[in-house]
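K.L.:
Protein chains: 2
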Amino acid sequence: MNLMVIERHFDVELEALKKKLLHMGSVAEEMIRLAVKGLVIRDASMAETVFAMEDEVNHLHIEIDDIAMKLLALHQPMATDLRLLAAVVKINSELERIADQAVNISQNTNFLLKEPQLKPLIDLPRMAEIAQKMVDNSLKSFMDKNIELAQSILLEDDKVDELKDQIFRELLTYMMSDPSTIQRALSLILISRNLERIGDHATNIAEDVIYMVQGRDVRHPTKAPAPGRMH
Amino acid sequence: MNLMVIERHFDVELEALKKKLLHMGSVAEEMIRLAVKGLVIRDASMAETVFAMEDEVNHLHIEIDDIAMKLLALHQPMATDLRLLAAVVKINSELERIADQAVNISQNTNFLLKEPQLKPLIDLPRMAEIAQKMVDNSLKSFMDKNIELAQSILLEDDKVDELKDQIFRELLTYMMSDPSTIQRALSLILISRNLERIGDHATNIAEDVIYMVQGRDVRHPTKAPAPGRMH
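Protein chains in written order, with the numbering used here: chain A, 1 to 231; chain B, 1001 to 1231.
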C-alpha cells in the first residue's frame, strides 16, 4: 500500500515534469516567432522581449534538470520510466539550444535594423515557419508518444536545408554584384543558419522520442557527406 | 557479500565506461587536428580521414549512451555515481557534436582546396589550437574531477570568441575590396564559427564537470547579450 502511494506520487511528479518541459517548449517557440517577426516587420522591441524570455528558459532548463535528477535518484525507475526521464533531460537541453538560436537571430536582427533593408524577406520567414512547426510537432510527438509524427519531422528537415541553400545562393549574387551589401547579406545568411540549427534540434528531439518509444536508435544513419557544400 | 560483488562489478563497468568516453574524446580531438591541418597544408586526403573517423565517433556515441542507460537501470546508483553517469551522458553528446564540427571544417575545406589560396592562415590555426586544448582539458578535468582546470576553460572561451571576431573583420575587408574573394572568405568565416562552436562544447563539458563535482549549477550566469554582433 505504502509502495503504491509512492508510485502514484512518482507518476504525479512525472506528469508535472512533462508539463514543465512543454511550457519551456512553448516559450522557445514564441521566441523564434518573435525573433523572426522583429526581423520581418523591422521592430527592434521584439528582440528585447526575446532577450527577456531567454532568462525564463535558462531558469526552466536548470529546474527541469534538477527535478529529473531527483526523480532518478529517489524513485530509481525502471525501463519505460527511465527512458522517459532520459528523454526529458535530452529534450530539455535541445530546447535551451533552440532558445539560444532565437537570441542569435535577434542579435543579428539588431545589426540589420541599423541599416537600410536589403531586400523583402520571403524565404527566411518560410524557413522560420517550417522550423517552428518542427519544434511544435517534436513536442507533440513526445507528449503523445507518436512515432509517425516524430518520423515526419526527419523529412521536414530536408526542406529547411533546401531553403537554406536557396537563400545562400540568392544572397551570394547580391554580395558579388554590390560589395556594399556584404555585411547585411552575411547577417541574413547567419540567420538562415540559426534557423537551420533550430530544425536540427527539433530533429534531435524527434530522434529522442523514437528512441524513447521504441528503444531503438535512429541516430546516425549512414549518410555520405556532401563535399564542397558549406557547413 | 553478494551485494559487495555487485557493487565492485558496477565500479569496474563505470571505469570502463569512463575510458571509452576518454577514447571517444581523443578521436574527436584528432579529427579537429586533422581537419585544420588539411586546411593549412592544403591536403584533401585529411578530410577523407576525418569523414572515416566520424563513423567511429557515431558508433561510440550510441554505445556509450546504451551502457550508461543499462548501468542506470541495473544498478540504480545514488548521489555521486548518479551525477557521474549523468555527466557521462551529457559529455558524450558534446563530443559527438565536436566531431560534427570537425566534419563541417573538412567539408568547408574541400570547397576551399578547389580554389586558389586566399591568404596565409595564421589566426585560424591559433584558434583551432586553443579550441582543441579546451576539449583536451575539459576531459582531463572530468577524469581528475579537477574544478580549477574546468574553471580555467570558461576563461579560454573568451579568447576563442575574440579570435573569431578578429578573423571576421579581416575577411570582411577582403570581401569588400574584391568580390571575387567572397566565397572563399565566407568559407573561412564559417570554419572560424565551427571552431567557436567546438569551444562552446568544451565549455559545456567543463560546466558539466563542475556540476558533477560540486552539485552546483554554473550554467546561465546572467550575461547581457551583445547586440549588433553577429551570432
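We treat Cβ as the ideally placed atom computed from N, Cα and C, and that holds for glycine.
#1: What is the residue span of the alpha helix (DSSP H) that B/I1041 lies within?
#2: Along chain A, in chain order, which residues have C-beta atoms closer than 8 Å to that of B/I1182?
#3: With C-beta atoms as the reference, is B/I1098 less than 8 Å away from B/V1050?
#4: Could you tell me whether the segment 63-83 of chain A touches the segment 135-148 of chain A, where touching means 3 or more Cβ pairs closer than 8 Å?
#5: Use the C-beta contact count for B/H1023: other C-beta atoms within 10 angstroms, 16 or more gives buried, fewer gives exposed.
#6: Would you report the Cα separation of A/Q183 and A/R193, rounded to the nearest angstrom?
#7: Apart from the five residues on each side of it in sequence, which residues of its chain come closer than 7 Å, Cβ to Cβ, to A/E254?
#8: Could you give the uninterrupted runs of the alpha helix (DSSP H) lying entirely in the segment 131-219 of chain A, keeping only those of 4 residues or more?
#9: Spatial neighbours of B/F1010 within its chain, please: C-beta separation below 6 Å, excluding the five flanking residues on both sides.
#10: Cα separation between A/V5 and B/P1125?
#11: Relative to the C-alpha of B/I998, which residue among B/E1029, B/E1030, B/K1090, B/E1156 is closest?
#12: Listing by chain order, which chain A residues have their CB less than 8 Å from the CB of B/M1069?
#13: Counting only beta-carbon separations shorter than 8 Å, does B/Q1076 have a partner in chain A?
#14: Taking the alpha helix (DSSP H) that A/I105 falls in, what are its first and last residues?
#15: Distance, Cα to Cα, A/R197 vs B/E1015?
#16: Would you mind telling me which residues of chain B sit closer than 9 Å to A/P179, beta carbon to beta carbon, in chain order?
#17: Leaving out five residues before and five after A/T181 in sequence, what residues of the same chain have Cβ atoms less than 7 Å from its Cβ?
#18: Would you say A/L124 lies against chain B (beta-carbon separation less than 8 Å)?
#19: Taking the C-alpha atoms as reference points, what is the distance between A/L21 and A/E170?
#20: What is the DSSP secondary structure of A/L121, reduced to helix, strand or coil?
#21: Can you find the residues in the same chain that come closer than 6 Å, C-beta to C-beta, to B/R1083, ignoring five residues on each side of it along the sequence?
#22: Among B/L1190, B/Q1107, B/E1207, which has the Cα closest to the Cα of B/A1044?
#23: Where A/A68 and B/L1121 are concerned, what is the direct C-alpha to C-alpha distance, given to the nearest angstrom?
#24: Suppose the cutoff is 6 Å on Cβ atoms and the five residues either side in sequence are ignored; what does the same chain contact list for A/S138 look like?
#25: Taking its Cβ as the centre, do 16 or more other Cβ atoms sit within 10 Å of A/D144, making it buried, or is it exposed?
#26: Taking 8 Å as the threshold (beta carbon to beta carbon), is A/L154 in contact with chain B?
#27: When we look at the beta-carbon of A/T222 and count the other beta-carbons within 10 Å, is it buried (16 or more) or exposed?
#28: Please report whether the beta-carbon of A/L72 lies at a distance below 8 Å from any beta-carbon of chain B.
#29: At a Cβ cut of 8 Å, what residues of the segment 1012-1035 of chain B count as close to chain A, listed as they run along the chain?
#30: Near B/D1161, which residues of its chain fall below 8 Å by C-beta distance, leaving aside the five closest residues on each side in sequence?
#31: Please classify A/E56: does DSSP put it in a helix, a strand, or coil?
#32: Find the residues of chain B that neighbour A/A79, judging by a C-beta separation of less than 9 Å, and give them in chain order.
#33: Relative to the alpha-carbon of A/I130, which residue among A/L17, A/E29, A/G25, A/E115 has its alpha-carbon at the smallest distance?
P.N.:
So, to answer that:
#1: For B/I1041, no alpha helix (DSSP H) encloses it, and the DSSP letter there is neither H nor E.
#2: Within chain A, the residues placing a beta-carbon under 8 Å from that of B/I1182 are L172, M175, M176, I182, ordered along the chain.
#3: Against a cut-off of 8 Å, the Cβ pair of B/V1050 and B/I1098 comes out as no contact.
#4: Under the Cβ criterion (8 Å, minimum of three pairs), the segment 63-83 of chain A does not count as touching the segment 135-148 of chain A.
#5: Exposed: under 16 other Cβ atoms inside 10 Å.
#6: A/Q183 and A/R193 have their alpha carbons spaced roughly 15 Å apart.
#7: In the structure displayed, chain A extends from 1 to 231; residue 254 of chain A sits before or after that span and is not available.
#8: Counting whole runs of 4 or more residues, the segment 131-219 of chain A contains the alpha helix (DSSP H) stretches 147-177, 182-214.
#9: Scanning its chain for C-beta atoms nearer than 6 Å, with the 5 sequence neighbours on each side dropped, one finds around B/F1010 the residues H1075, in chain order.
#10: Counting only the Cα atoms, B/P1125 lies some 60 Å from A/V5.
#11: With chain B running from 1001 to 1231 in the structure shown, residue 998 of chain B is simply not present.
#12: The answer, in chain order, is L82, R83, A86.
#13: Flagged as an interface residue toward chain A: B/Q1076, by a C-beta distance shorter than 8 Å.
#14: It spans 79-112 - the alpha helix (DSSP H) in which A/I105 sits, taken as one unbroken run.
#15: Spanning the two alpha carbons is a distance of roughly 34 Å.
#16: Under the 9 Å cutoff, chain B gives M1175, M1176, S1177, D1178, P1179, I1182.
#17: Taking A/T181 as the centre and dropping the five residues before and after it, the same chain places the C-beta of L118, Y174, M175 closer than 7 Å to its C-beta, in chain order.
#18: Judged by the 8 Å Cβ criterion, A/L124 is not in contact with chain B.
#19: Here the alpha carbons of A/E170 and A/L21 stand approximately 38 Å from one another.
#20: Looking at A/L121 - three-state DSSP - the assignment turns out to be coil, as it is neither helix nor strand.
#21: Taking C-beta separations shorter than 6 Å and ignoring five residues to either side along the sequence, the partners of B/R1083 in its chain run M1212, following chain order.
#22: When only C-alpha atoms are compared, the closest one is B/Q1107.
#23: A/A68 and B/L1121: Cα-Cα distance of roughly 46 Å.
#24: Taken in chain order, the residues that qualify are I153, A202, I205, A206.
#25: With fewer than 16 other Cβ atoms within 10 Å, it is exposed.
#26: Taking 8 Å as the threshold, the shortest C-beta distance from A/L154 to chain B does not fall below it.
#27: Confidence at A/T222 is low in this model, with a pLDDT of 49, below 50, so the placement of that residue is unreliable and no value is reported for it.
#28: Closer than 8 Å to some Cβ of chain B, the Cβ of A/L72 qualifies, so yes.
#29: Correct list: empty, as no residue qualifies.
#30: Taking B/D1161 as the centre and dropping the five residues before and after it, the same chain places the C-beta of E1196, G1199 closer than 8 Å to its C-beta, in chain order.
#31: Correct three-state label for A/E56: helix.
#32: Simply A1073.
#33: It is A/E29 whose Cα lies nearest to the Cα of A/I130.
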